[in-house]
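K.L.:
Here it is: the structure, laid out below.
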Amino acid sequence: MALLTLDRPAKTFTPPADFRPDRRTPGQVIARVALYVGLSVASAAILLPFVWMVISSLKTNNQVFTVPIQWIPDPVVWSNYVDIWATSNMTTWIRNTLILSVGVTFLQVFTGSFAAYGFSKMRFPGRDVLFLAYVGTIAVPWQAYMIPQYIILSRAGLSNTLWSILVLQAFGAFGVFLMKQYYDSIPEELSEAARIDGLSEYSIWRRIVVPLSGPALATLVLLTFVNTWNDYLGPLIYLRDRDLWTIQIGLNSFASQYNTEHALIMTGSVISVLPIAIIFLAGQRYFVQGIATAGLKG
Amino acid sequence: MATLSAAPPRRRTRRPGARLRRRNTFIGWTFILPNFIGFATLTLVPVLILFYLGFTSWNAFGAAEWVGLANYERLLNDRTFHRVLFNTLYYAAFHIPLTLGAALGLALLLNRKMRGVAFFRTVAFFPYITSIVAIAVVWNMLFSAETGPINQFLGLFGFDDLPGWTVSTTWAMPAVIIVGTWREMGYFMLLFLAGLQTVPTELHEAARVDGASSWQRFLNVTLPCLRPTTFFVTVMLTIESFKILDLILVMTNGGPGISTTVLAQYVFRKGFQENDFGYASAVALVLFFICISVTVVQFLANKRRER
Numbered sequence: 001m002a003l004l005t006l007d008r009p010a011k012t013f014t015p016p017a018d019f020r021p022d023r024r025t026p027g028q029v030i031a032r033v034a035l036y037v038g039l040s041v042a043s044a045a046i047l048l049p050f051v052w053m054v055i056s057s058l059k060t061n062n063q064v065f066t067v068p069i070q071w072i073p074d075p076v077v078w079s080n081y082v083d084i085w086a087t088s089n090m091t092t093w094i095r096n097t098l099i100l101s102v103g104v105t106f107l108q109v110f111t112g113s114f115a116a117y118g119f120s121k122m123r124f125p126g127r128d129v130l131f132l133a134y135v136g137t138i139a140v141p142w143q144a145y146m147i148p149q150y151i152i153l154s155r156a157g158l159s160n161t162l163w164s165i166l167v168l169q170a171f172g173a174f175g176v177f178l179m180k181q182y183y184d185s186i187p188e189e190l191s192e193a194a195r196i197d198g199l200s201e202y203s204i205w206r207r208i209v210v211p212l213s214g215p216a217l218a219t220l221v222l223l224t225f226v227n228t229w230n231d232y233l234g235p236l237i238y239l240r241d242r243d244l245w246t247i248q249i250g251l252n253s254f255a256s257q258y259n260t261e262h263a264l265i266m267t268g269s270v271i272s273v274l275p276i277a278i279i280f281l282a283g284q285r286y287f288v289q290g291i292a293t294a295g296l297k298g
Numbered sequence: 001m002a003t004l005s006a007a008p009p010r011r012r013t014r015r016p017g018a019r020l021r022r023r024n025t026f027i028g029w030t031f032i033l034p035n036f037i038g039f040a041t042l043t044l045v046p047v048l049i050l051f052y053l054g055f056t057s058w059n060a061f062g063a064a065e066w067v068g069l070a071n072y073e074r075l076l077n078d079r080t081f082h083r084v085l086f087n088t089l090y091y092a093a094f095h096i097p098l099t100l101g102a103a104l105g106l107a108l109l110l111n112r113k114m115r116g117v118a119f120f121r122t123v124a125f126f127p128y129i130t131s132i133v134a135i136a137v138v139w140n141m142l143f144s145a146e147t148g149p150i151n152q153f154l155g156l157f158g159f160d161d162l163p164g165w166t167v168s169t170t171w172a173m174p175a176v177i178i179v180g181t182w183r184e185m186g187y188f189m190l191l192f193l194a195g196l197q198t199v200p201t202e203l204h205e206a207a208r209v210d211g212a213s214s215w216q217r218f219l220n221v222t223l224p225c226l227r228p229t230t231f232f233v234t235v236m237l238t239i240e241s242f243k244i245l246d247l248i249l250v251m252t253n254g255g256p257g258i259s260t261t262v263l264a265q266y267v268f269r270k271g272f273q274e275n276d277f278g279y280a281s282a283v284a285l286v287l288f289f290i291c292i293s294v295t296v297v298q299f300l301a302n303k304r305r306e307r
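Line order of the protein sequences matches chains A and F. Just so you know, the UniProt record's numbering puts 81 at position 81 of the first sequence, and the rest follows in order with no gaps. Just so you know, the UniProt record's numbering puts 215 at position 215 of the second sequence, and the rest follows in order with no gaps.
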């Protein structure tokens, strides 16, 4: 830390040119403009696939791949958004995905925050070893143990039912980990005071710790919902019946079955992204904050 | 805990400690149990079973037959496996540094007070939370050989002989790497942003007063302070790279040929598509050990540098 000042000879203090932040030199103005231009170009580049997706979803099929690219659809084909429901099983897919996303989120948040209380606020032998096992599995890719897991769930008769995805996603280590990080930041004195007042541990969890963990809960809810909504591999392995397909499986199968219906495929893609986009924009603040805290203290 | 020392001694400290401890252990476990039951049966036990299955020959019908190291001998001579291993390393070798650089660059640019910074952060993070299928489908169209927007754009600069991207054995992997980087950089940018919050501003001021250029300040102040974050990001990014699967499944399905087939997909193919569960488990164990050893090595390297 001190390296910077120690290893060079002391200099007479001359305030640098940009010392007064309230008045900008022309150089700084240019730098600022360049920054905005650069960031705008970068944002446009990042968003371009989405923009192209939305634009293409409003075109007729032949117009998707015109040379040069037609940036404004003419005519605007709103009917794609009607046709897709008739051409595909969108309703079934969305229903299944919703059931799974809501169910998984509920289980993950409930069991995760409950277990996190045990790990953060209770002291008992073996606790830290057990938590280490939770954290350790983060380094183990799911793809490595998906086969034994599949065997277990098949033996239990759960494969090819929505239950398989429900239990598969609901007990992940992530929720426990995220909530524990947050609970650790809640001062111990609060629970101690509650204990002295005669509250049981369960009441402390329910009446003190959970109400205080709003941002972490919101993050966990959002992330779990989004992850379940977007999951592709889990449903691909477990949900074989067409009636059980989620939007990801359905969309992919639609895209390969109707591979020349470019506009409709884009319409389906927009529909599959839209709920996530809305949820994300609504909870964006929590997302950004929560991921940052969850990611770092580990 | 330490703050409690001032409080008057409570009744329960006078009780026999063993009983209290047993009670605490019991209550602690009741909290953990609902999650732990699921976690144990669906994560811990499968990992243990994997170690057994990797030494068996099993096609899902009948009993698994113990074959010792036969699966691993087969791996040594399996040319597809060699290619798949190479592809995985290829993906990681480009995806890790690219994403790391892009994420750090974005974080440095967006770690300041300026109008619209929240918007730019949101934009960068957005691809990470959108569905893999939708983005893979869109990117595939963008990459289309003849009339795809990307080749049209490159054509503007006078490039001819444009790559067919996802239908070309040489260009399919770069295409996947581009999409993977585009998708993940926003997530790691967030982690870097959080790390940048921990860099003390006084240090920067001191360095500035000493006449350090912004590049010197970056090298001597920002980077050292970011070390824990960089370490964490690298570990996570490495694991992410080695387990890449969904994106590839939807974009290229491992093709053309096996030019984009990666380890995780080989596990998937051998297991779920060819019912060769024993062999697939052996491949999965390779994936498992790569991820674990990379994590351990990075952890040890980080420890040493910290001293």
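Positions of the beta carbon are idealized from the N, C-alpha and C atoms, including for glycine.
Just grab the DSSP bridge partners of residue 184 of chain F for me.
P.N.:
In the second sequence, residue 184 of chain F corresponds to position 184, counting from 1. Beta-bridge pairing links residue 184 of chain F to no other residue.
K.L.:
Taking C-beta pairs closer than 9 Å, name the residues in chain F that residue 81 of chain A reaches, listed in chain order.
P.N.:
Here residue 81 of chain A refers to the residue found at position 81 of the first sequence. The premise fails here: residue 81 of chain A is roughly 15 Å from chain F at the closest Cβ pair, so nothing lies under 9 Å.
K.L.:
So residue 148 of chain A contacts chain F; which residues on that side make the cut at Cβ distance below 7 Å?
P.N.:
By 1-based counting over the first sequence, the position of residue 148 of chain A is 148. Within 7 Å Cβ-Cβ: 46, 49, 50 and 53.
K.L.:
Between which residues of its own chain and residue 95 of chain F is the CB-CB distance below 7 Å, once the five residues before and five after are set aside?
P.N.:
Sequence index remark: in the second sequence, residue 95 of chain F carries index 95 (1-based). 177, 180, 181 and 241, listed in sequence order.
K.L.:
My output table needs one value for residue 4 of chain F: the three-state DSSP class, helix, strand or coil.
P.N.:
Here residue 4 of chain F refers to the residue found at position 4 of the second sequence. Note that residue 4 of chain F scores a pLDDT of 42, beneath 50, so its modelled location is shaky and nothing firm can be said.
K.L.:
Any contact of the stretch 212-225 of chain A with the stretch 171-184 of chain A, i.e. 3+ C-beta pairs under 8 Å?
P.N.:
Yes, since at least three Cβ pairs between the stretch 212-225 of chain A and the stretch 171-184 of chain A fall closer than 8 Å, the two stretches touch.
K.L.:
Would you mind sorting residue 273 of chain F into buried or exposed? The rule is 16 or more other CB atoms within 10 Å of its CB.
P.N.:
For this step, residue 273 of chain F is matched to residue 273 along the second sequence. Result: exposed.
K.L.:
Whole angstroms are fine: how far does the CA of residue 49 of chain A sit from the CA of residue 157 of chain F?
P.N.:
Residue 157 of chain F sits at position 157 when you count from the first residue of the second sequence. Residue 49 of chain A sits at position 49 when you count from the first residue of the first sequence. Cα to Cα, residue 157 of chain F sits roughly 20 Å from residue 49 of chain A.
K.L.:
For the stretch 129-141 of chain F, enumerate the residues whose C-beta is nearer than 7 Å to any C-beta of chain A, in chain order.
P.N.:
Those would be 129, 130, 131, 132, 133, 134, 135, 137, 138, 139 and 141, in chain order.
K.L.:
Which stretch, first to last residue, makes up the alpha helix (DSSP H) that contains residue 142 of chain A?
P.N.:
Reading the first sequence from its first residue, position 142 is the one you call residue 142 of chain A. Looking at the DSSP string, the run of the alpha helix (DSSP H) that includes residue 142 of chain A is 142-155.
K.L.:
Determine the closest residue to residue 174 of chain F out of F:147, F:139 and F:149, with distance taken between C-alpha atoms.
P.N.:
By 1-based counting over the second sequence, the position of residue 174 of chain F is 174. The shortest C-alpha separation from residue 174 of chain F is found at F:139.
K.L.:
Roughly how many angstroms lie between the CA atoms of residue 130 of chain F and residue 116 of chain A, to the nearest whole one?
P.N.:
Position 130 of the second sequence, counting from 1, holds the residue named residue 130 of chain F. Position 116 of the first sequence, counting from 1, holds the residue named residue 116 of chain A. If I take the Cα positions, the gap works out to 28 Å.
K.L.:
Can you tell me which of the three DSSP states residue 66 of chain A falls into?
P.N.:
The residue given as residue 66 of chain A occupies position 66 in the first sequence. Residue 66 of chain A falls in the coil class under three-state DSSP.
K.L.:
When burial is assigned at 16 or more other CB atoms within 10 Å of the CB, is residue 290 of chain F buried or exposed?
P.N.:
As a first step, residue 290 of chain F is located in the second sequence; it is residue number 290 there, counting from the start. Per the 10 Å Cβ criterion, buried.
K.L.:
Are the C-beta atoms of residue 261 of chain F and some chain A residue less than 7 Å apart?
P.N.:
If you number the second sequence from 1, residue 261 of chain F lands on position 261. For residue 261 of chain F, the answer is no, since every Cβ of chain A falls outside 7 Å of its Cβ.
K.L.:
Going by C-alpha distance, which of A:81, A:64 and A:95 is nearest residue 271 of chain A?
P.N.:
Here residue 271 of chain A refers to the residue found at position 271 of the first sequence. When only C-alpha atoms are compared, the closest one is A:81.
K.L.:
Let me confirm a value: residue 2 of chain A is counted as buried when at least 16 other C-beta atoms fall within 10 Å, else exposed. Which label applies?
P.N.:
The residue you call residue 2 of chain A lines up with position 2 of the first sequence. Residue placement at residue 2 of chain A is poorly supported in this model, since its pLDDT is 30, which falls under 50; the coordinates are not used for a value here.
K.L.:
Can you say whether residue 109 of chain A is buried or exposed, counting buried as having 16 or more other CB atoms within 10 angstroms of its CB?
P.N.:
The residue you call residue 109 of chain A lines up with position 109 of the first sequence. Its Cβ being crowded by 16 or more others within 10 Å, residue 109 of chain A is buried.
K.L.:
Do three or more CB pairs link the stretch 279-288 of chain A to the stretch 246-262 of chain A at distances below 8 Å?
P.N.:
Touching, no, given that fewer than three Cβ pairs across the two stretches are closer than 8 Å.
K.L.:
Report the CB separation of residue 67 of chain F from residue 86 of chain F in whole angstroms; it is logged as a contact under 8 Å.
P.N.:
If you number the second sequence from 1, residue 67 of chain F lands on position 67. If you number the second sequence from 1, residue 86 of chain F lands on position 86. That pair is no contact at about 26 Å.
K.L.:
Which residues in chain F have a C-beta closer than 7 Å to the C-beta of residue 52 of chain A? List them in chain order.
P.N.:
Along the first sequence, read from residue 1 onward, the residue named residue 52 of chain A stands at position 52. Those are 138, 142 and 149, listed as they occur along chain F.
K.L.:
With a cut-off of 8 Å on the beta carbons, I'd call residue 39 of chain A and residue 61 of chain F a contact; round off their distance for me.
P.N.:
For this step, residue 39 of chain A is matched to residue 39 along the first sequence. For this step, residue 61 of chain F is matched to residue 61 along the second sequence. Between residue 61 of chain F and residue 39 of chain A the Cβ distance is about 58 Å, and since that is not below 8 Å, they are no contact.
K.L.:
What does a CB cutoff of less than 7 Å around residue 302 of chain F pick up in its chain, not counting 5 residues either side in sequence?
P.N.:
For the purposes of this step, residue 302 of chain F is taken as the residue at position 302 of the second sequence. The residues are 231.
K.L.:
What three-state label does DSSP hand residue 215 of chain F in the structure shown?
P.N.:
Position 215 of the second sequence, counted from the start, is the residue given in the question as residue 215 of chain F. Helix at residue 215 of chain F.
K.L.:
Does residue 201 of chain A come out as helix, strand or coil in the three-state DSSP assignment?
P.N.:
Numbered from 1 along the first sequence, position 201 holds the residue referred to as residue 201 of chain A. Note: residue 201 of chain A maps to helix in three-state DSSP.
K.L.:
Less than 7 Å between the C-beta atoms of residue 266 of chain A and residue 216 of chain A, yes or no?
P.N.:
For the purposes of this step, residue 266 of chain A is taken as residue 266 along the first sequence, with counting starting at 1. For the purposes of this step, residue 216 of chain A is taken as residue 216 along the first sequence, with counting starting at 1. No, these two residues do not count as a Cβ contact at 7 Å.
K.L.:
Between the stretch 73-93 of chain A and the stretch 243-250 of chain A, are three or more C-beta pairs nearer than 8 Å?
P.N.:
Verdict: yes, contact present.
K.L.:
Taking 7 Å as the CB-CB cut-off, is residue 243 of chain F touching chain A?
P.N.:
In the second sequence, residue 243 of chain F corresponds to position 243, counting from 1. With 7 Å as the cut-off, residue 243 of chain F counts as an interface residue toward chain A.
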